[in-house]
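As they're listed, the protein sequences go chains A and B.
In this text, residue positions in the first sequence follow the working numbering: the first is 640, and each later residue adds one.
In this text, residue positions in the second sequence follow the working numbering: the first is 232, and each later residue adds one.
For each residue, glycine too, the CB sits at the ideal point set by N, CA and C.
Since this is a predicted model, take the numbers as computed values, not measurements.
Notes to accompany the following structure.
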Amino acid sequence: GNSVTQMEGPVTLSEEAFLTINCTYTATGYPSLFWYVQYPGEGLQLLLKATKADDKGSNKGFEATYRKETTSFHLEKGSVQVSDSAVYFCALREYSGAGSYQLTFGKGTKLSVIP
Amino acid sequence: AAGVIQSPRHLIKEKRETATLKCYPIPRHDTVYWYQQGPGQDPQFLISFYEKMQSDKGSIPDRFSAQQFSDYHSELNMSSLELGDSALYFCASSPARPQTDNEKLFFGSGTQLSVL
Numbered sequence: 640g641n642s643v644t645q646m647e648g649p650v651t652l653s654e655e656a657f658l659t660i661n662c663t664y665t666a667t668g669y670p671s672l673f674w675y676v677q678y679p680g681e682g683l684q685l686l687l688k689a690t691k692a693d694d695k696g697s698n699k700g701f702e703a704t705y706r707k708e709t710t711s712f713h714l715e716k717g718s719v720q721v722s723d724s725a726v727y728f729c730a731l732r733e734y735s736g737a738g739s740y741q742l743t744f745g746k747g748t749k750l751s752v753i754p
Numbered sequence: 232a233a234g235v236i237q238s239p240r241h242l243i244k245e246k247r248e249t250a251t252l253k254c255y256p257i258p259r260h261d262t263v264y265w266y267q268q269g270p271g272q273d274p275q276f277l278i279s280f281y282e283k284m285q286s287d288k289g290s291i292p293d294r295f296s297a298q299q300f301s302d303y304h305s306e307l308n309m310s311s312l313e314l315g316d317s318a319l320y321f322c323a324s325s326p327a328r329p330q331t332d333n334e335k336l337f338f339g340s341g342t343q344l345s346v347l
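Right under this line is the structure:
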């Protein structure tokens, strides 16, 4: 079955530090890969995505590259801000028939950025 | 732009009670998904619907049932509630007949269910 493994948190960084959150996956086919962000008390928001190998997703200064050879989709940001404090979920999705795409999430990584 | 609407935002129930959560997808979205996220846990897929029919089933307990109505809104019915059902329940919707991996999935803000 499909699975997503991401680095455990919490991760605490100072403002303007470099961020990496590792994510690796196991899938039977050719999934799409996603990073979702969850701010305190809110729902999941799509941060970025990549749909095929070597695609790079980017948004709000965050980037992740779909690496098929290493089955990875690591999230990076060059300079984090306090407002980036949230829980980040790596996820994959494969088509499961009848118009249904099922998301498989990692355990989430809590990021805290201190001034 | 319209988003996925879930109601209620918060719900408090006691053990063995029933609860109904509602999800209103983005207009013209035919597919609805339900996810359960326990405290500090990753979201777990429960069930999905496409064109008012169940399309996929995940780790949904037998005490739960769901359906999608003619206006494409969906309801998750939960009976004989247990303490362990306390979680954030997300609904997500996507456009009709996804043809490629570029299908978009939009999440609601969730319903926080607390079972006392």
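{"Item": "Measuring alpha carbon to alpha carbon, tell me which of B/R247, B/P274, B/I236, B/T262 ends up nearest B/S309.", "Value": "It is Met, not Ser, that sits at residue 309 of chain B in the sequence shown. Ranking B/R247, B/P274, B/I236, B/T262 by Cα distance to B/M309 puts B/R247 first."}
{"Item": "Identify, in the order they occur along the chain, each residue of the same chain with its Cβ nearer than 6 Å to the Cβ of B/Y264, setting aside the five sequence neighbours on each side.", "Value": "S279, A323"}
{"Item": "Closest to B/Q268 by C-alpha separation, out of A/I753, A/V752, A/S751, A/L742, would be which residue?", "Value": "A/L742"}
{"Item": "Classify A/L714 as helix, strand or coil using the three-state DSSP reduction.", "Value": "strand"}
{"Item": "Name, please, each residue of chain A whose Cβ falls closer than 7 Å to the Cβ of B/F321.", "Value": "G682, L683"}
{"Item": "For A/N698, write down the residues that DSSP places opposite it in a beta bridge.", "Value": "A/F701"}
{"Item": "Quick one: is A/Q741 near chain B, going by C-beta distance under 8 Å?", "Value": "yes"}
{"Item": "Use the C-beta contact count for A/S671: other C-beta atoms within 10 angstroms, 16 or more gives buried, fewer gives exposed.", "Value": "buried"}
{"Item": "With 8 Å as the threshold, decide whether the Cβ of B/F300 is near any Cβ in chain A.", "Value": "no"}
{"Item": "Strictly under 8 Å for the Cβ-Cβ distance: is A/F744 near chain B by that measure?", "Value": "yes"}
{"Item": "Reducing DSSP to helix, strand and coil, say where A/V721 ends up.", "Value": "helix"}
{"Item": "In the segment 667-693 of chain A, which residue ranges form an unbroken beta strand (DSSP E) of at least 3 residues, counting only runs that do not cross its ends?", "Value": "671-677, 683-689"}
{"Item": "Using a C-beta to C-beta distance shorter than 9 Å, which residues of chain B count as neighbours of A/F728?", "Value": "D273, P274"}
{"Item": "Within 10 angstroms of the Cβ of B/L277, are there 16 or more other Cβ atoms? Answer buried if so, exposed if not.", "Value": "buried"}
{"Item": "Please classify A/V760 as buried or exposed, where buried requires at least 16 neighbouring CB atoms within 10 angstroms.", "Value": "The requested residue 760 of chain A does not occur in the structure, where chain A is confined to residues 640 to 754."}
{"Item": "List the residues that DSSP assigns as beta-bridge partners of B/H260.", "Value": "B/P326"}
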